[in-house]
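Per our numbering, the sequence shown runs over residues 14 to 94.
Yeah, the Cβ is synthetic: ideal placement off N, Cα and C, and Gly gets one too.
Computed from a prediction, not measured in an experiment: that's the story for all the values here.
What follows is a set of notes on a single structure, which appears directly below.
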Amino acid sequence: MSVFVNPLKSNKAKFKEEIELQIHNHKEVATYLEAATHSHREAAKHYENGNYELATLSNLEANNQIDLAIERKKRLVKSSL
């Protein structure tokens with residue numbers, strides 16, 4: 014006796030997995046951008062206080078977070094093609 018596999022159901026399951034991956038990737042991009050925003054605000058605060066070394070470090074951290082967001086965004090574009 015063979016087991017019937019509904020091909021539409023497996024396509025729906027694959028589609029659902031792809032959508033869940035897209036959601037996860039969007040959330041990751043948002044997390045990186047939020048971290049970058051926080052670091053930029055810290056940099057501005059440090060500049061106002063005259064602590065230029067900490068301001069520079071905060072700015073570098075923000076730029077790193079933006080780079081991570083861009084890389085994750087590239088994955089989003091690739092996976093949606």
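Taking C-beta to C-beta, are alanine 75 and histidine 53 nearer than 8 Å?
yes
Report yes or no: do the stretch 31-50 and the stretch 82-89 share at least 3 C-beta pairs separated by less than 8 Å?
yes
To the nearest angstrom, how far is it from the Cα of alanine 26 to the Cα of alanine 49?
35 Å
With DSSP as the reference, label asparagine 77 as helix, strand or coil.
helix
Tell me whether serine 71 is buried or exposed, calling it buried when 16 or more other Cβ atoms sit within 10 Å of its Cβ.
buried
If you run the structure through DSSP and keep just helix, strand and coil, what is asparagine 24?
Asparagine 24 falls in the helix class under three-state DSSP.
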